[in-house]
Structure formats: structure tokens, C-alpha cells
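Numbering-wise, our numbering puts 564 at position 453 of the sequence shown, and it's gapless, one number per residue.
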Amino acid sequence: RDFIANPEISKLLNNVTVVFIPIYSVDGHERFSAFNRINQNGPKEMGWRTNANNLNLNRDYIKAEAPETKAWLTLFNKWNPDFFIDCHVTDGADYIYPLTYGLEINGNMDSNLTNWQKNTYLPYVTNAMEKSGNPIFPYVSFREWHDIESGLESWVTPPLLSQGYTAIANCPGLLIETHMLKDYKTRVFATYKMLVYTLEVLNNSGKELLKFEQIANDFSSTEKFRKTPFPLSFEYSKDSVLIDFKGKEFTKEISDLSGGLWFKFGSDYKDYKLPYFNNLKPTSFAQLPEYYIVPRQYAFIEEILKSHNIKYFKINYDTTLSANTYKFKNVTLGTSSNEGHQKVQSFEMDIITLNLKLIHGSIVIPMNQEKSKIIAHLLEPKSPASLLQWGYFNSIFEQKEYGESYILEPLAREMLKDTLIKSGFEKEVKNNPNFPNDPYAMLNWFYTHSKYKDEQQNIYPIVKVYNGKIRN
112 RDFIANPEIS
122 KLLNNVTVVF
132 IPIYSVDGHE
142 RFSAFNRINQ
152 NGPKEMGWRT
162 NANNLNLNRD
172 YIKAEAPETK
182 AWLTLFNKWN
192 PDFFIDCHVT
202 DGADYIYPLT
212 YGLEINGNMD
222 SNLTNWQKNT
232 YLPYVTNAME
242 KSGNPIFPYV
252 SFREWHDIES
262 GLESWVTPPL
272 LSQGYTAIAN
282 CPGLLIETHM
292 LKDYKTRVFA
302 TYKMLVYTLE
312 VLNNSGKELL
322 KFEQIANDFS
332 STEKFRKTPF
342 PLSFEYSKDS
352 VLIDFKGKEF
362 TKEISDLSGG
372 LWFKFGSDYK
382 DYKLPYFNNL
392 KPTSFAQLPE
402 YYIVPRQYAF
412 IEEILKSHNI
422 KYFKINYDTT
432 LSANTYKFKN
442 VTLGTSSNEG
452 HQKVQSFEMD
462 IITLNLKLIH
472 GSIVIPMNQE
482 KSKIIAHLLE
492 PKSPASLLQW
502 GYFNSIFEQK
512 EYGESYILEP
522 LAREMLKDTL
532 IKSGFEKEVK
542 NNPNFPNDPY
552 AMLNWFYTHS
562 KYKDEQQNIY
572 PIVKVYNGKI
582 RN
């Protein structure tokens, strides 16, 4: 309304085009109830967190399963926005700030875009929001849940969430998290002010932002970018700084009902000086190839590539080539469902080289394109948003063949004549206390170390080619 009726607001559209999605999760919006958000102070009724398939859309930006996500990606790729805003209401502790914000300024964006957010955008909106009576603070977590005095920690948002996704598309993303304990009117007007001040920055400094985005997009498709180890995951270091935080007085006691900590927030505000852990360091990297190749039997990936507007082609011939991939070990799968998937919880992996037989119809993804970061997060296993960690390749971890005990008993004795086999077996007995008490595991150890083992088990089917040119 104010974009049309208020001249002070409508002039902000002189140099900015706004694409507004009023309702993203339509089915979630229609599931209206006064009891959908136990932690939230109003409005009288609200929608539900998930869509009709019980999927949280803000975990779907990379895997792109939901129709809403696919529609959003179509819109995102059509408009190719220069700044993105996602409006949320947060859960968590009690404090004075009506609004906290998330910006990707901890290492997962091009340095020019990071500095623009830190030095141009953030000082302006922070000062303007303070003057308007709506102080803001970074969207953080307490190191111990609800306990303000435990300190604050920041993070790099993985691209399964919205602003983490736009970051790897070289588009700064602002996450607005209004405080759920503030009344609805306060939350709405804090969001309103944040949007207006953001538009003011974009009007005043938009040309500079466009220049930096073009530099980042161009660099993402270069050989120099591919030769630089690409960070996939981050964690905060032990270094911290002291920061002022406007919180509330609270007490904590052991609940006589649940036995857990019961935090009781008072009505008085309190200024805290807290350790803030915001120094993020990469914990895993990938060396990006010239091409990723998806074997024909994993054709489901093609639809995901299309959703992200990633360029690829299919070979129309059979060939054999040398390629790199990963072999996994010590894989642990999640014990419960997560967004309908059994996720891969932890693993180790080694780089291997193999001669790969490709059949016509296999998908070749060149990395000399602007979407290279998105491709890496989709296909590199160490990315927390990767298809592998979402469980799309869990079948490669399954042992499909086995040996009968009456076959393996004599075979094991023959194998133990090999000193390397004998040493490996004794090491397993020593290091795994359950192993000597499990006859099946002991005999299966010999099967998996024999010439009969499945050579493809635990081998990642997506391969990487670093040299040469693959013809269409």
C-alpha cells in the first residue's frame, strides 16, 4: 500500500524493482489455527511451519523437492535478483531486540560482496533502526540453549536454507527474524522499517552492489576459481570478542517435573557483556574439477539441475575415461527421519582414481559457469547440503552380497596366512570390543577383504574430470 500511497516510500522504487512473494508456503498458510505457534505472541491465528507434505521449505533450497521450491527457483532464476530478503519469526530466549538479522559475512561469499554488506549495508540499517526505536542485533545462538551468559555464536548458513543458497548464487541475502515474544504489531513495524531502510541502501549504493555481483559471477566461471580450494563447511574458532547484548534478567533452576533446566525470564531488561564467537573457519574444502559426470542410472539428478538452471549436456556415445571420485568408510546414518530422508550423519572418504565406463545418456556438467558454487554444494559430499548427506546415495553403502559361514571358515584360514591380512584382522579384534563376540562380523570381515568383495560398494558414483575436454 505505502509503495503507492506514500510518496516517501514510493520514491524508493525509482532505482529498485521489488519482486514480492506474499505467501510462500500456501498450504502451510491455509492450515490456520490459534495454536500453531506455542512460543509466539500473536497474531490471533497463524499458519503452520510446513507445507502439505510436512516439508520445511527452508530446508529444501538445494534438493528442491517441493513444488513451492521449484516455483521459487524458477522465479529466482528468471529475475536473477541482486538482493534477497526472507522474513521470519524466531524462537529462542527473551531479549530487548524486536528484530535480529542474518547476513552471510563470515566467509562464504566473494570478498567484495562481504565487504559491501559489512561496510555499506549494515552500518546504515543498524543506525537507522536504532534511531527508529527498533534496535537490531545479529541472529545468533546461545552456546548453551537459552543460557545468555554462556556466550553467543555465529555461523555460516548452509545453502539448504534461503540466505545460504542465495549467497552461493552471489546474491546477498538478508534473513529477518522478528522476536516471537514481542507483540504482532511490534514485529510487523520492525520488519516494515527494516525493509524501508534496506531499499534506501539499495537506492543509494545499488550500482556498487551490481558491479561487485558481476565480478563475483564472472570469477565463479574461471579456471582460477576452480584451481582454488573451495570451502564447503565452517565452524567457529575458539577466539571470541566481547560484545554488548541487551537481554533480560533471568533465573535458572532444576525442574522438579522434567529434571531439566528451567529458565525463568523476568520483566527487567539487563545489559550483558558476552563473549561472541564469530570467527568462522573452513573445516572442509573441495578441489573443483573441469567437469562432474553423473552416470545415466542416476538420471533423477537431471531434474534437480534443471530446477537450479545449471548448464549440462548428455553424451550420445559410450566411452571409457580416467576420473576421480571418493571411496567412503566409517559411514554412520541418521537414526531418525529428517525431512523425509535418512541423512548421512558422518563419514570418512579417500580420493581414488578409476577408469570409468560411461554409457550414452550420462550427464556432463561443465564447471565454467556462474552456478559452479551451487554445483559444488550439490555434488561434493562434504557440503552439509549435498545430495549425499541428504541420503540420495545411501544404497551405495549397502552390502548386497555375503558369504556362507561354511564357505568363509576355510577361506578365512587361508587368508590368515597373508601377514597383511593377519595384521589387519588382529587390529580389528584389538580396536573393536564387540568384534570378537560377533561371529558374523568376524567372517564378514574376511569376505570384505577377499577377492570376492563388492568393488563398487562405498564408491561415490559422481565422478570428477580435471583434464581434457569432453565432447557433446
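Beta carbons are placed, not taken as given, at the ideal position from N, Cα and C, and that holds for glycine.
No experiment lies behind these values; they were computed from the predicted model shown.
- Between the C-alpha atoms of Phe424 and Ser473 there is a straight-line separation of about 8 Å.
- In this structure Pro269 touches Ala496 by the C-beta definition: roughly 5 Å separates them, less than 8 Å.
- The alpha-carbon of Leu531 is positioned some 21 Å away from that of Phe439.
- In the DSSP assignment, His290 is bridged to Thr201.
- Runs of beta strand (DSSP E) with 3 or more residues, each lying fully within the stretch 384 to 434, are found at 391 to 397 and 402 to 405, listed in chain order.
- Contact between Trp159 and Asn147 holds, since their C-beta atoms are separated by about 5 Å, short of 8 Å.
- With respect to the C-alpha of Asn126, the residue from Val312, Asn230, Pro178 and Ala239 having the closest C-alpha is Val312.
- Setting aside the 5 residues that flank it on each side, Lys511 is surrounded in the same chain by Asp565, each with a C-beta closer than 7 Å to its C-beta; the list follows chain order.
- One Cα belongs to Lys181, the other to Trp190, and the distance between them is close to 14 Å.
- If you ignore the 5 residues before and after Thr430, its C-beta comes within less than 6 Å of the C-beta of Leu469, all in its own chain and listed in chain order.
- Annotation for Val130: Leu186, Trp190 and Pro192 place their beta carbon closer than 8 Å to its own, counting only its chain and skipping 5 residues before and after.
- Sorting Ser447, Leu467, Met460 and His471 by C-alpha distance to the C-alpha of Ala410 places His471 at the top.
- When C-alpha distances from Thr436 are compared across Trp183, Ser561, Gln456 and Leu465, the shortest belongs to Leu465.
- Distance from the CA of Glu141 to the CA of Arg170, rounded to the nearest whole angstrom, comes to 20 Å.
- Contact check between the stretch 483 to 500 and the stretch 269 to 284: three or more CB pairs, one atom from each, fall below 8 Å, which counts as touching.
- Cβ contact annotation for Phe376 (same chain, cutoff 7 Å, sequence separation greater than five): Asp205, Lys359 and Phe361, in chain order.
- For Pro118, the number of other beta carbons within 10 angstroms of its own is below 16, and it is reported as exposed.
- Rounded to whole angstroms, the gap between the alpha carbons of Tyr403 and Tyr571 is 12 Å.
- Assigned with DSSP and collapsed to three states, Gly262 falls in strand.
- For the pair Thr309 and Ile196, the CB atoms are nearer than the 9 Å cut-off.
- Ser332 has its alpha-carbon roughly 31 Å from the corresponding atom of Ser348.
- The C-alpha of His452 lies about 37 Å from the C-alpha of Tyr303.
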